[in-house]
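Asker: Numbers 29 to 256, taken from this note's numbering, label the letters of the sequence shown in order.
Got a structure here, written out as structure tokens. Questions coming.
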Amino acid sequence: MAPPERWESNPHMRISKTHVAAFALACLTASPSYASPGNWSRLPQVPHSGEDITPSRHRVLVGGLLLGRDKIEFEQTRWSDLQHVLGPLKMRRQGDASETEDWTCFTVGTGKGRFQVWLHGGELQGGEFIDGVTAQAGSPWPVRECPVVSPRQRAAALDNGIWVGTTKSEILKRLGQPTAVHGATLIYDFDVAVRDPKLGEGSVGGRLIFEIHADRVGRLLATKDTSY
29 MAPPERWESN PHMRISKTHV AAFALACLTA SPSYASPGNW SRLPQVPHSG EDITPSRHRV
89 LVGGLLLGRD KIEFEQTRWS DLQHVLGPLK MRRQGDASET EDWTCFTVGT GKGRFQVWLH
149 GGELQGGEFI DGVTAQAGSP WPVRECPVVS PRQRAAALDN GIWVGTTKSE ILKRLGQPTA
209 VHGATLIYDF DVAVRDPKLG EGSVGGRLIF EIHADRVGRL LATKDTSY
């Protein structure tokens with residue numbers, strides 16, 4: 029993958045708010061287990077309430093994922109860029125029409141143990157671009173389904189500095205109070221107005237979900253959506 033400044037931008041960033049809401053509700057509904065063989069072909073799920081919550085309109089809370097020396101920019105980085113760095117990962121697809129999601133999974137080993145990462149992108153991204161990430165501590169999926177990536181990719185974090193293992197107090201320090209709290213889950217929604225010289229008025233929205241276990245992030249989801 030070329031350095032971030034050399035990646036080509038996506039000229040068609042027109043993902044609808046409806047798609048973001050549908051993805052959040054469809055892919056993040058509670059599930060008893062996703063480590064069984066029957067679920068290896070589906071994205072993992074981070075439980076949360078589906079009720080309406082009012083997003084923050086002050087700032088964009090996440091823009092991508094750092095992997096060692098590389099950065100995945102949501103809505104900018106192509107699947108082909110990712111494959112170039114991590115190797116021939118298995119691509120999967122689920123859903124129909126506008127609800128279609130492309131995704132892949134990989135495992136990262138560190139001195140503090142393993143975690144697994146699922147990158148995903150919607151059909152309205154043209155099947156080319158990554159627009160979100162789900163990650164979890166441990167390795168619930170077998171490595172044949174979620175292979176270990178190269179040693180250079182041992183370090184990972186969202187570009188806001190938060191990752192699996194981050195303490196709840198550090199999240200609050202970096203992002204402030206969440207949009208909503210449901211049990212041990214912190215939810216941050218954002219929807220920030222932007223203006224493009226060519227495309228006009230638009231907005232950058234997204235969601236962060238942090239499932240807290242023993243005061244640290246055990247599982248997370250981050251998505252970003254730009255529309256004009």
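Ideal placement from N, C-alpha and C gives every residue a C-beta, glycine not left out.
Tell me whether glutamine 205 is buried or exposed, calling it buried when 16 or more other Cβ atoms sit within 10 Å of its Cβ.
Answerer: With fewer than 16 Cβ atoms within 10 Å of its Cβ, glutamine 205 is classed as exposed.
Asker: Under the assumption that aspartate 130 contacts glycine 115 (Cβ atoms under 8 Å), give the Cβ distance between them as a whole number of angstroms.
Answerer: Wrong, their Cβ atoms sit about 17 Å apart, outside the cutoff.
Asker: Start and end of the beta strand (DSSP E) containing isoleucine 240?
Answerer: Start and end: 228 to 241.
Asker: For my contact list, tryptophan 169 and cysteine 133 are in at a C-beta cut-off of 8 Å; report their separation, rounded to the angstrom.
Answerer: Correct: roughly 6 Å between the Cβ atoms.
Asker: Rounding to the nearest angstrom, what Cα-Cα distance links serine 197 and isoleucine 100 in this structure?
Answerer: Distance between the alpha carbons of serine 197 and isoleucine 100: 26 Å.
Asker: Would you give the residue range spanned by the beta strand (DSSP E) that histidine 210 belongs to?
Answerer: Per DSSP, histidine 210 belongs to the beta strand (DSSP E) from 208 to 210.
Asker: Starting from glutamate 129, trace the beta strand (DSSP E) in both directions and tell me its first and last residue.
Answerer: Segment 129 to 138, the beta strand (DSSP E) holding glutamate 129.
Asker: So for valine 171, helix, strand or coil by DSSP?
Answerer: Looking at valine 171 - three-state DSSP - the assignment turns out to be coil, as it is neither helix nor strand.
Asker: Work out the CA separation of valine 176 and valine 136 for me, nearest whole Å.
Answerer: Cα to Cα, valine 136 sits roughly 6 Å from valine 176.
Asker: Name the DSSP beta bridge partners of glutamine 122, please?
Answerer: DSSP output for glutamine 122 lists Glu129 as bridge partner(s).
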